[in-house]
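Protein chains in written order, with the working numbering: chain D, 1 to 390; chain F, 1001 to 1078.
By construction, the Cβ of each residue, glycine as well, lies at the ideal position given by its N, Cα and C atoms.
Since the structure is predicted, the reported quantities are computational estimates derived from the model, not experimental observations.
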Amino acid sequence: MEQILKLWSESGLAQIEMGTVVMMAVGFGLLFLAIRKGFEPLLLVPIGFGTILVNIPGAGFEAAPIYDAVGHLESPGGLMYYIYNVGIASGMFPLIIFMGVGAMTDFGPLLANPKTLLLGAAAQVGIFVTVMGAVGLSSLGILDFSIRDAASIGIIGGADGPTAIFVTSKLSPDLLGAVAVAAYSYMALVPIIQPPIMRALTTEAERKIEMVQLRPVSTREKIVFPMLLLGLVAMLLPSAAPLLGMFCFGNLMRECGVVDRLSDTTQNALINIVTIFLGLAVGSKMSADKFLNWETLGILGLGALAFCIGTAAGVLMAKLMNRFSATPINPLIGSAGVSAVPMAARVSNKIGLEANPQNFLLMHAMGPNVAGVIGSAVAAGVMISMVSGF
Amino acid sequence: MEVDLFQQGVDLMLFGMGTVFAFLISLVGACYLMSRVITRFFPESVQAEVPVQMAPATTVEPHIQAVIQAAIDKHRSR
């Protein structure tokens, strides 16, 4: 009889609490969004499943290892504990993913028209305005965010998953679940969020602007570029060096042409493996006490705001550049400055085609698009170096 | 405390945006400079591609080209 009682007390039904039930429902909700609606399935399937696993009462996925007073291992702890600490607390997974992204990125369109880098800078306005929004809400006493939390929320506006995870894991790990879910969901929503803003800020005539054909870029320029970028980062902003350094390394492997095997692994097998573990580890931070509160709602709202402001700032900057540039610039490519590669560039192309069926903006939009990746990594570096003191 | 937090936010915004723009503007400059140096002093790889692309166009002999042109004209005039 005692045995049966013990077994019952360890069963899921006996230990279940309201919070874990709701979080498991959230996990199933994420799986639904990923599988049925096709929202960033590569990330949301592991995150959703990780959320369910970690909220199973008594399974101990998130348990830390326990040592006795002498230092002998009493219980080794759970799988998610190790995945999280090895991969995310150390910053390793986001950096490996960034290396893979670097290996997938073609800087050709950017090198053909370097001034599109400015669009990538302008779109980062969203990040910093959102920081102000979070700080404002906190000052008014509506929600409780520290400056570190505010920086983590702002980085959602960078529309760059690995960057957001990197910054949040460094500055406020408790918000990681909410920030990562917001970042990846809004990236999936780029084709819905951006077009109304782009249409509202441009005239029909501006959307019809055709841009001059990009010049061909030599292999040598493409090989030198990652080293140039790395040199600038090393000299001006070392705090962005982890992200951009790995990015440049991946890109150099792609462009140098002598390590195709490494480049292939980085772009495919390695990034896939790391994505699985990254998703599970983010899911492991989706526990009821950290996710089910008003702050999460605030994060989702502020994240959407960050996206909208970033898009608008990019479009407005492109309009400004079009006024002063010798060659015409279609303002629609400005919105691609929010990274979210390559979705944002495709959106620019699609809206451009609606206005003028002969107008192919895709390659022109890829320039600001990869510039946005650099811009958000730079913003991440600034935030980490400025905020981590507090 | 609250004023302090707000001040931190403002600082972060100003310095952050400033750094992002300063960094990317210097990158724009560096890119232009790098492209100019490479296309001026090490231009082979660009030139090497040009003759390869030109080659197929010149292999069509003039009288065959005239025949093709005549056929296209006839097709268009229908």
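Residues of chain D with a Cβ closer than 9 angstroms to the Cβ of isoleucine 1038 of chain F are, in chain order, Ser218, Arg220, Glu221 and Val224. C-alpha of alanine 365 of chain D to C-alpha of glycine 100 of chain D: approximately 21 angstroms in a straight line.
Chain order gives the chain D residues near phenylalanine 1042 of chain F as Ser218 and Arg220, where near means a beta carbon separation below 9 angstroms. Taken atom to atom, the span from the alpha-carbon of isoleucine 273 of chain D to that of leucine 79 of chain D is near 16 angstroms. Within chain F, the residues Leu1012, Met1013, Gly1016 and Met1017 have their CB atoms less than 8 angstroms from the CB of phenylalanine 128 of chain D, given in chain order. Proximity of the segment 88-96 of chain D to the segment 277-284 of chain D meets the contact definition, three or more beta-carbon pairs being nearer than 8 angstroms. The Cβ of valine 1060 of chain F sits no closer than 7 angstroms to any Cβ of chain D.
Residue range 343-355 is occupied by the alpha helix (DSSP H) that includes glutamate 354 of chain D. Relative to the Cα of proline 114 of chain D, the nearest Cα in the group F:Arg1078, F:Leu1033 and F:Ala1071 belongs to F:Leu1033. Counting C-beta pairs with one atom in each stretch, the segment 237-249 of chain D and the segment 382-390 of chain D have three or more that are closer than 8 angstroms, which means they touch. Across the structure, alanine 14 of chain D and glycine 389 of chain D are spaced so that their CA atoms are roughly 44 angstroms apart.
In chain order, Asp1011, Leu1012, Phe1015 and Gly1016 make up the part of chain F whose C-beta sits under 8 angstroms from the C-beta of methionine 386 of chain D. Within the segment 105-130 of chain D, contact with chain F at the beta-carbon level (separation under 7 angstroms) is assigned to Leu111, Pro114, Lys115, Leu117, Leu118, Gly120, Ala121, Gln124, Val125 and Phe128.
As DSSP reads the structure, leucine 73 of chain D sits in a beta bridge with D:Tyr67. By the neighbour-count definition (other C-beta atoms within 10 Å, threshold 16), isoleucine 1038 of chain F is a buried residue.
At a cut-off of 7 angstroms, the C-beta of valine 338 of chain D has no neighbouring C-beta in chain F. According to the DSSP assignment, alanine 205 of chain D belongs to the alpha helix (DSSP H) that extends over 204-207. Linking methionine 363 of chain D to proline 331 of chain D through their CA atoms gives a straight-line distance of about 14 angstroms. If you check each beta-carbon in the segment 359-376 of chain D against every beta-carbon of chain F, the ones closer than 8 angstroms belong to Ala371, Ile374 and Gly375. Residue environment: arginine 148 of chain D is assigned as buried (16 or more neighbouring CB atoms within 10 Å of its CB, all protein chains considered). Serine 139 of chain D belongs to the set of residues whose beta carbon lies under 7 angstroms from a beta carbon in chain F.
The beta carbon of leucine 232 of chain D falls within 7 angstroms of a beta carbon belonging to chain F, placing the residue at that interface. Below 8 angstroms, too few C-beta pairs join the segment 68-79 of chain D and the segment 304-323 of chain D to call them touching: fewer than three. Spanning the alpha carbons of serine 325 of chain D and aspartate 106 of chain D requires a straight line of approximately 24 angstroms.
Every alpha helix (DSSP H) of 4 residues or more that sits fully in the segment 228-311 of chain D is shown, in chain order, as 241-256, 260-265, 271-284 and 288-291. Excluding five sequence positions before and after threonine 296 of chain D, the CB atoms of its chain that fall closer than 6 angstroms to its own CB belong to Ala178, given in chain order.
The residue from D:Glu354, D:Pro342 and D:Ala312 with its alpha-carbon nearest to that of glutamine 124 of chain D is D:Ala312. In chain order, Leu1027 make up the part of chain F whose C-beta sits under 8 angstroms from the C-beta of leucine 229 of chain D. Just so you know, the alpha carbons of glutamate 62 of chain D and threonine 130 of chain D end up roughly 32 angstroms apart.
Going by beta carbons, isoleucine 156 of chain D and alanine 164 of chain D fall inside the 7 angstroms limit. Boundaries of the alpha helix (DSSP H) harbouring serine 376 of chain D: 362-387, taken from the DSSP string.
One Cα belongs to alanine 345 of chain D, the other to alanine 336 of chain D, and the distance between them is close to 5 angstroms. Counting only residues of its own chain and dropping the five nearest sequence neighbours on each side, glycine 27 of chain D has a CB closer than 6 angstroms to the CB of Gly48, Thr51 and Ile52.
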